[in-house]
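K.L.:
Numbering (the working numbering), first residue to last: 548 to 850.
1. Is the beta carbon of residue 792 closer than 8 Å to that of residue 733?
2. I believe residue 594 touches residue 659 by the beta-carbon criterion, under 8 Å. Please report the beta-carbon distance rounded to the nearest angstrom.
3. Would you mind sorting residue 810 into buried or exposed? The rule is 16 or more other CB atoms within 10 Å of its CB.
4. Starting from the C-beta of residue 669, find all residues in its chain whose C-beta is less than 8 Å away, skip the five residues before and the five after it, and write them out in chain order.
5. Considering only DSSP beta bridges, list what residue 623 is partnered with.
6. In terms of alpha-carbon separation, which member of 794, 797 and 682 lies closest to residue 638?
7. Excluding sequence positions up to five away, which residues of its chain have a Cβ less than 7 Å from the Cβ of residue 653?
8. So, do the stretch 719-727 and the stretch 745-761 have three or more beta carbon pairs nearer to each other than 8 Å?
9. I think residue 844 touches residue 826, with their Cβ atoms under 8 Å apart; what is that distance to the nearest whole Å?
10. Among 582, 757 and 590, whose alpha-carbon lies nearest the alpha-carbon of residue 576?
11. Short of 7 Å in beta carbon distance, which residues of its chain neighbour residue 830, apart from the five on each side in sequence? Order them along the chain.
12. From what residue to what residue does the alpha helix (DSSP H) around residue 695 run?
13. Is residue 570 helix, strand or coil when you go by DSSP?
14. Would you mind reading off the limits of the beta strand (DSSP E) that contains residue 585?
15. Are the beta-carbon atoms of residue 684 and residue 693 separated by less than 8 Å?
16. Spatial neighbours of residue 672 within its chain, please: CB distance less than 6 Å, with the 5 preceding and 5 following residues excluded, ordered by chain position.
17. The alpha helix (DSSP H) that contains residue 732, what's its start and end?
18. With 16 as the cutoff for other CB atoms within 10 Å, does residue 701 come out buried or exposed?
19. On a Cα-Cα basis, can you pick out the residue from 834, 783 and 566 that is closest to residue 802?
20. Would you tell me roughly how many angstroms separate the C-alpha atoms of residue 580 and residue 626, rounded to the nearest one?
21. Is DSSP giving residue 715 helix, strand or coil here?
22. Write down the C-beta distance between residue 730 and residue 766 rounded to the nearest angstrom, noting that I regard them as a contact closer than 8 Å.
23. Since residue 646 contacts residue 635 with CB under 8 Å, what's their CB separation in whole angstroms?
24. Would DSSP call residue 758 helix, strand or coil?
25. Could you give the residue range of the beta strand (DSSP E) that holds residue 556?
26. In its own chain, which residues sit with a C-beta less than 8 Å from the C-beta of residue 568, not counting the 5 before and 5 after it?
27. In whole angstroms, what separates the C-alpha of residue 745 from that of residue 813?
28. When DSSP labels each residue in this structure, what does residue 844 get in the three-state scheme?
29. Does residue 670 have its Cβ less than 8 Å from a Cβ in chain D?
30. May I ask which residues mark the beginning and end of the beta strand (DSSP E) holding residue 561?
31. Taking the continuous beta strand (DSSP E) assigned at residue 827, which residues delimit it?
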């Protein structure tokens, strides 16, 4: 983990690869932790490390296993304001998934029950081939609530920590199946993605293989309604509007909701910007160029 100043100058490096105190093998996520600390979770043992603001290791723990769900399939997902941990099955791996709240020591505090994972299709010979425009699960803490639902309807469902449905946020959106033109555009967009080191002949072969594979998978019943969800430091909910293949939008368009679920307006963020955090007056993220060289960027935000 690398610590940087607000001018993005490198300050220090914390932890590193290994199995000693403060070290890890597969770093998965780093987030702020109450008390001006940093929490990091890593694989393959679902370990959790807590560092102070100077990078000193404070403590380490793992998620406590439960009888119903082996610890190998339950992982930390996000920090909930107040010092608890959102945990559960990864929605890309399992369907349905269990959603849990863990305390600051990794012990089970409450369960939100089972919720849908990503839409998937398994071929007769056992291979996974996700449908075209497959519905994906979004999951994020929103204040004391937990958002979890699929993105094939413009409906944001937020649950209390006892599992009860506490809030539903909707926008006008027609749930409809993809047209054939939209299916074709999806296939062509996926076929256009290829490693940068391929020769022209290899690119052509790669594109033909992708087209053949996608033409054999099912198409989702409903087209994607939105792409992703982020909650900013002021507890506003940002919903990334879905962009159909071939649309000429220069960046990402977000609908912003206040903490009560009312629409405040729209914000457009730059193209090729993966957002890590949205503060009161800034957006922090990662960008990349045509050669896939990555850059950390800090953008000003006017509300």
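C-beta: ideal position from N, C-alpha, C; glycine also.
P.N.:
Taking the structure as given:
1. Yes, they are a contact pair.
2. Rounded, the Cβ-Cβ distance is 23 Å, inconsistent with contact.
3. Under the 10 Å beta carbon count, residue 810 is surrounded by fewer than 16 other beta carbons and is classified as exposed.
4. Short of 8 Å from the beta carbon of residue 669, and not among the five residues preceding or following it, lie these beta carbons of its own chain, in chain order: 675 and 676.
5. Beta-bridge analysis with DSSP links residue 623 to 634.
6. The residue with the shortest Cα to Cα distance from residue 638 is 682.
7. Within the same chain, and ignoring the five residues on either side of residue 653 in sequence, the residues whose Cβ sits closer than 7 Å to its Cβ are 595, 608, 609, 610 and 611.
8. Output reads no: the stretch 745-761 does not touch the stretch 719-727.
9. Wrong, their Cβ atoms sit about 14 Å apart, outside the cutoff.
10. Comparing alpha-carbon positions, the option among 582, 757 and 590 lying closest to residue 576 turns out to be 590.
11. Excluding sequence neighbours, residue 830 sits near 816, 822, 846 and 848.
12. DSSP places residue 695 in no alpha helix (DSSP H) but in the uninterrupted beta strand (DSSP E) bounded by 692-697.
13. Here residue 570 carries a coil assignment [DSSP, helix/strand/coil].
14. Here the beta strand (DSSP E) through residue 585 covers 584-590.
15. Using a Cβ distance threshold of 8 Å, residue 684 and residue 693 do not count as a contacting pair.
16. Excluding its 5 nearest sequence neighbours in each direction, residue 672 has no C-beta neighbour in its own chain below 6 Å.
17. In the DSSP assignment, residue 732 falls within the unbroken alpha helix (DSSP H) covering 727-739.
18. Here residue 701 is buried: its Cβ has 16 or more other Cβ atoms, across all protein chains shown, within 10 Å.
19. Answer by Cα proximity: 783.
20. Approximately 7 Å, taken between the alpha carbons.
21. In the three-state scheme derived from DSSP, where H, G and I count as helix and E and B as strand, residue 715 is classed as strand.
22. A Cβ-Cβ distance of about 6 Å is found for the pair residue 730 and residue 766, placing them in contact under the 8 Å criterion.
23. Rounded, the Cβ-Cβ distance is 4 Å, consistent with contact.
24. Note: residue 758 maps to helix in three-state DSSP.
25. Careful: residue 556 lies outside any beta strand (DSSP E) and carries neither H nor E.
26. Excluding sequence positions up to five before and after residue 568, its CB lies within less than 8 Å of the CB of 604 and 607, all in the same chain and listed in chain order.
27. If you draw a straight line from the Cα of residue 745 to the Cα of residue 813, it comes to about 39 Å.
28. DSSP places residue 844 in strand when its eight states are reduced to three.
29. Of the protein chains in this structure there is only one, and it is not chain D.
30. Counting along the chain, residue 561 sits inside no beta strand (DSSP E), nor does DSSP assign it H or E at all.
31. Here residue 827 belongs to no beta strand (DSSP E), and DSSP marks it neither H nor E.
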